[in-house]
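Colleague: Residue numbers (the numbering used here): 988 to 1065. Ideal Cβ positions, reconstructed from N, Cα and C, are used throughout, including at glycine.
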Amino acid sequence: ASEMDFIQSEVYKNSFFLGDRMDRILYYDCTNYYFEIEQEDGDKKYGKSKEHRPNPIIQMGLFTNGDGIPLAFSLFPG
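#1: For residue 1000, which three-state DSSP category applies?
#2: Just checking my contact of residue 1034 with residue 1026 at CB under 8 Å: how many whole Å lie between their CB atoms?
#3: Scan the segment 1016-1049 and note each continuous alpha helix (DSSP H) run of 4 residues or more that stays entirely inside, going in chain order.
#4: Under 9 Å between the Cβ atoms of residue 1064 and residue 1016?
#5: Output yes or no for whether 9 Å exceeds the beta carbon distance between residue 1066 and residue 1041.
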């Protein structure tokens, strides 16, 4: 697993000590982040933008619990 996966796993496990979590209901949301650059760079790739921008983007998927507390996220190339 990647370092990011390990960190997210540890944060999730240790968050039990902060109090009760409403994790029977989970929400997943995706969004795009665009970069005002001319060329693709690393994971910043041209892709379908909701705003129809001609810029490279990165997509992010975020899981939250029923209270809206972030639990995990993933980043994907545009």
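Modeller: So, from the listed chains and residues:
#1: By one-based count along the sequence shown, residue 1000 stands at place 13. Three-state DSSP puts residue 1000 in a helix.
#2: By one-based count along the sequence shown, residue 1034 stands at place 47. By one-based count along the sequence shown, residue 1026 stands at place 39. Residue 1034 to residue 1026, Cβ: 14 Å. No contact.
#3: none
#4: Reading the sequence shown from its first residue, position 77 is the one you call residue 1064. Reading the sequence shown from its first residue, position 29 is the one you call residue 1016. Not in contact: residue 1064 and residue 1016 (Cβ atoms no closer than 9 Å).
#5: Here the chain covers residues 988 to 1065 and nothing more, so residue 1066 does not appear.
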